[in-house]
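Asker: Supplied in C-alpha cells, the structure appears directly below.
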Amino acid sequence: MNMRFLLTFVWVARLGSFRLTAEKLSSTQAAISSRISVLESELGVQLFQRDSRGVSLTREGHNVLSYAEEMLATQQRLLQSLGKADTYSGRLRIGVMDTVIHSWLSELINALSQDYPLVEVELTADTALNLSEQLLKGQLDLIFQTDLLRADGVRNVHLASYPLSWVVAKGTALDRPYEGLGDLCQERLLTFSRLSRPHQDVLNYLHQQGISAPRISCINSVAAIIKLVADGFGIGVLPPVLVSRELQSAAMIALPIKPAPGFAVYVSWRAGAGLELNEAVVNLARSVVAEYQRTASPGHFVLPDAPG
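If you read the sequence shown in my numbering, its first letter stands for residue 43, the second for the next number, and so on.
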C-alpha cells in the first residue's frame with residue numbers, strides 16, 4: 043500500500059476538501075482524487091461522501107483513518123530509528139502577526155533554511171483573528187499569534203510575552219512631562235488593530251483606570267505605528283522591543299508612566315500523524331525565541347516560566 047496515498051487520505055479527512063489538500067501537498071485536485079480512487083479500489087470500500095459542501099468520511103472511512111494515522115506514525119518512528127526523520131521536504135504554510143515579523147521572524151526563517159533546506163516556506167502575514175480562522179480551515183499549518191486556540195487536533199505553546207510602553211518621539215510636542223495616565227490619554231494613542239487582543243487589553247486597562255473615552259487610533263501595521271510615532275503624530279502603545287534601536291539612539295523615549303499590560307504570543311499548529319515537521323518547527327521556534335531574548339534589553343521580551 044502506497045504510504046503517500048495514505049497521507050493524502052489523512053489530509054483530505056482533516057481538511058474536508060480536495061482543493062485544500064492539493065494546495066497543502068503541492069499537487070493538483072485531479073491527482074488527489076486519483077490517489078483516493080486507487081486507495082478505495084485497493085481497500086474495496088468508499089472512504090468519502092462527496093456533495094456540494096465538500097467531502098466527509100463514511101463509516102468505513104472513519105475506521106480506515108485511525109489505521110492510516112497509526113501506519114504513518116509507525117513510519118515516522120522507523121525513520122527516527124534510522125536517523126532519517128529530519129530529512130523533511132515539502133511546503134510549510136506559516137502564518138505570522140506583525141509583531142513577530144518585526145522581532146524574531148527573520149531569525150526563524152534563517153534557522154529553517156539551515157536546518158530544513160528542502161522545506162519550502164510559505165508566509166502569510168495577517169491579524170491573529172484571521173490567522174486563527176485560516177489554521178482551523180486547514181489553510182495554514184502553523185501560526186504565531188496572540189490567541190490560545192481550543193480545537194480538536196490543534197496544540198498551543200506560549201512562546202514569549204511582550205511588555206508595553208508609552209513611547210514618544212524625542213523633541214516633539216508630545217515629549218513633555220505628564221501628570222499621570224489621565225493627562226497622557228488627552229493625547230492621541232497609537233496602537234494595534236481594533237479587534238486584536240492587545241488593543242482590547244489596552245482599552246480594558248484604561249477603562250479600569252477610569253478613562254472611558256481615550257483617543258485611540260487603531261493601526262494594523264507595526265511599521266506604520268512606528269513611523270507615525272517618529273513623526274510626532276501620537277503616543278505609541280508599543281512593545282519597546284520593537285523600537286529598541288530608536289530607544290537606544292534616543293530618537294524615541296519611553297514615558298515614565300505605568301504601562302498597560304503586555305500580551306503573549308503563542309504558536310498554534312495542527313498535530314498528528316504526518317505532521318512531525320510542525321512539531322520540529324515549534325521546537326526550532328522556541329530555540330530562536332530563547333536566543334532572541336538573550337539579545338533584547340532586560341524586561342523588553344519575556345520568556346514563559348519553565349514548567350514545574
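The beta-carbon is built from N, C-alpha and C at its ideal position, and this holds for glycine as well.
Could you say which of R133, V106, A110 and V97 lies nearest to L184 if we only look at CA atoms?
Answerer: Walking along the sequence shown from the start, residue 184 turns up at place 142. Checked all of R133, V106, A110 and V97; the closest Cα to L184 is R133.
Asker: Over what stretch of residues does the alpha helix (DSSP H) that includes F47 continue unbroken?
Answerer: Here residue 47 corresponds to residue number 5 of the sequence shown, with the count starting at 1. M45 to L57 is the extent of the alpha helix (DSSP H) around F47.
Asker: Please classify S368: is it buried, with 16 or more other beta-carbons within 10 angstroms of its beta-carbon, or exposed?
Answerer: It is not possible to answer for residue 368, since the shown part of the chain is limited to 43 through 350.
Asker: Tell me the DSSP bridge mates of H200?
Answerer: As a first step, residue 200 must be located in the sequence shown, where it is residue number 158. According to DSSP, which records beta bridges pairwise, H200 is partnered with Y308.
Asker: Pick out whichever of S83, L49 and E149 has its Cα sitting closest to the Cα of A327.
Answerer: Here the question's residue 327 lines up with position 285 in the sequence shown. Ranking the options by Cα distance to A327, first place goes to E149.
Asker: Leaving out five residues before and five after T63 in sequence, what residues of the same chain have Cβ atoms less than 7 angstroms from its Cβ?
Answerer: Numbered from its first residue, the sequence shown carries residue 63 at position 21. Closer than 7 angstroms at the Cβ level, and outside the excluded window around T63, lie T50, W53, V54, L57 and I74.
Asker: Going by C-alpha to C-alpha distance, which of T214, P298, Q71 and S203 sits closest to Y26?
Answerer: Since the first residue shown for the chain is 43 and the last is 350, residue 26 is missing from the structure and cannot be characterised.
Asker: State the Cα-Cα distance for the pair C227 and L48, rounded to the nearest angstrom.
Answerer: As a first step, residue 227 must be located in the sequence shown, where it is residue number 185. As a first step, residue 48 must be located in the sequence shown, where it is residue number 6. Cα-Cα distance, rounded: 58 angstroms.
Asker: Where T116 and N44 are concerned, what is the direct C-alpha to C-alpha distance, given to the nearest angstrom?
Answerer: Here the question's residue 116 lines up with position 74 in the sequence shown. Here the question's residue 44 lines up with position 2 in the sequence shown. For T116 and N44, the distance between alpha carbons rounds to 14 angstroms.
Asker: Could you check how far apart the C-beta atoms of T143 and A170 are, in whole angstroms? I think they sit under 8 angstroms.
Answerer: Position 101 of the sequence shown, counted from the first residue, corresponds to residue 143. Position 128 of the sequence shown, counted from the first residue, corresponds to residue 170. A quick correction: the sequence has Ile, not Thr, at residue 143. Actually they do not touch by this definition, with Cβ atoms about 13 angstroms apart.
Asker: By the DSSP assignment, the alpha helix (DSSP H) with D273 in it spans what residues?
Answerer: Position 231 of the sequence shown holds residue 273. Segment: none, D273 is in no alpha helix (DSSP H) and carries neither H nor E.
Asker: Go to R336, then tell me how far its alpha helix (DSSP H) extends in each direction, as first and last residue.
Answerer: Looking up residue 336 in the sequence shown gives position 294. Element bounds for R336: E318 to T337.
Asker: Just curious, the alpha helix (DSSP H) that F186 is in, first and last residue?
Answerer: Here residue 186 is taken as the residue at index 144 of the sequence shown, counted from 1. First-last for F186: L184 to Q187, but that is the beta strand (DSSP E), not the alpha helix (DSSP H).
Asker: From which residue to which residue does the alpha helix (DSSP H) around E288 run?
Answerer: Residue numbering aside, residue 288 sits at position 246 when the sequence shown is read from its first letter. Element bounds for E288: S286 to Q290.
Asker: Given this structure, state the Cα-to-Cα distance separating Y220 from S235, to the nearest angstrom.
Answerer: Taking the sequence shown and counting its residues from 1, the one referred to as residue 220 is at position 178. Taking the sequence shown and counting its residues from 1, the one referred to as residue 235 is at position 193. Straight-line Cα distance between these residues: approximately 26 angstroms.
Asker: For F343, collect the residues of the same chain with a Cβ closer than 7 angstroms to its Cβ; drop the 5 residues on either side in sequence, then sort them by chain order.
Answerer: Taking the sequence shown and counting its residues from 1, one reaches residue 343 at position 301. Only A202, Y204, V283, Y334 and Q335 meet the Cβ criterion.
Asker: Between which residues of its own chain and V80 is the CB-CB distance below 8 angstroms, once the five residues before and five after are set aside?
Answerer: In the sequence shown, residue 80 corresponds to position 38, counting from 1. Within the same chain, V80 has close Cβ partners N44 and F47.
Asker: Check T70 in the structure and name its three-state DSSP category.
Answerer: Against the sequence shown, residue 70 aligns to sequence position 28. Here T70 sits in coil by DSSP.
Asker: Can you grab the Cα-Cα spacing for the pair Y247 / A313, in whole Å?
Answerer: Residue 247 sits at position 205 when you count from the first residue of the sequence shown. Residue 313 sits at position 271 when you count from the first residue of the sequence shown. Each residue's alpha carbon lies about 35 angstroms from the other.
Asker: Let's test the definition: count the other Cβ atoms within 10 Å of the Cβ of A72 and tell me whether it reaches 16, buried, or not, exposed.
Answerer: Here residue 72 is taken as the residue at index 30 of the sequence shown, counted from 1. So A72 counts as exposed.
Asker: So, helix, strand or coil for G132, using DSSP?
Answerer: For the purposes of this step, residue 132 is taken as residue 90 along the sequence shown, with counting starting at 1. Correct three-state label for G132: strand.
Asker: Just list the residues that DSSP pairs L232 with in beta bridges.
Answerer: Reading the sequence shown from its first residue, position 190 is the one you call residue 232. According to DSSP, which records beta bridges pairwise, L232 is partnered with S259 and G278.
Asker: From R239 to D189, what does the alpha carbon distance come to, in whole angstroms?
Answerer: Position 197 of the sequence shown, counted from the first residue, corresponds to residue 239. Position 147 of the sequence shown, counted from the first residue, corresponds to residue 189. Taking the straight line joining both Cα atoms gives about 8 angstroms.
Asker: Note the first and the last residue of the continuous alpha helix (DSSP H) segment covering A211.
Answerer: Residue 211 sits at position 169 when you count from the first residue of the sequence shown. Element bounds for A211: not the alpha helix (DSSP H) but the beta strand (DSSP E), S207 to A211.
Asker: Given a cut-off of 9 angstroms on the beta-carbon distance, is the pair S155 and S310 in contact?
Answerer: Taking the sequence shown and counting its residues from 1, one reaches residue 155 at position 113. Taking the sequence shown and counting its residues from 1, one reaches residue 310 at position 268. Contact flag unset, no.
Asker: Pick from Y308, D225 and S329: whose alpha carbon is nearest that of K300?
Answerer: For the purposes of this step, residue 300 is taken as residue 258 along the sequence shown, with counting starting at 1. Among Y308, D225 and S329, the Cα nearest to that of K300 is on D225.
Asker: Which of the three DSSP states, helix, strand or coil, is assigned to F90?
Answerer: Here residue 90 refers to the residue found at position 48 of the sequence shown. Strand, per DSSP.
Asker: Within 10 angstroms of its Cβ, does S94 collect 16 or more other Cβ (buried), or is it exposed?
Answerer: Counting from one through the sequence shown, the residue named residue 94 turns up at place 52. Exposed, by the Cβ-count rule.
Asker: Based on DSSP bridge pairs, tell me the residues matched to L99.
Answerer: Your numbering for residue 99 matches position 57 in the sequence shown. L99 is bridged to F90.
Asker: So, helix, strand or coil for E221, using DSSP?
Answerer: Numbered from its first residue, the sequence shown carries residue 221 at position 179. DSSP places E221 in coil when its eight states are reduced to three.
Asker: Strictly by DSSP, which residues pair up with G137?
Answerer: Stepping through the sequence shown from its first residue, residue 137 is reached at position 95. DSSP, once it has assigned bridges, lists T166 and I185 as partnering G137.
Asker: How many angstroms separate the CA atom of D217 from the CA atom of V210?
Answerer: Taking the first residue of the sequence shown as position 1, residue 217 is located at position 175. Taking the first residue of the sequence shown as position 1, residue 210 is located at position 168. Answer to the nearest angstrom: the Cα atoms are 6 angstroms apart.
Asker: Alpha carbon to alpha carbon, how far is N262 from V279?
Answerer: For this step, residue 262 is matched to residue 220 along the sequence shown. For this step, residue 279 is matched to residue 237 along the sequence shown. Using only the alpha carbons, I get a separation of about 13 angstroms.
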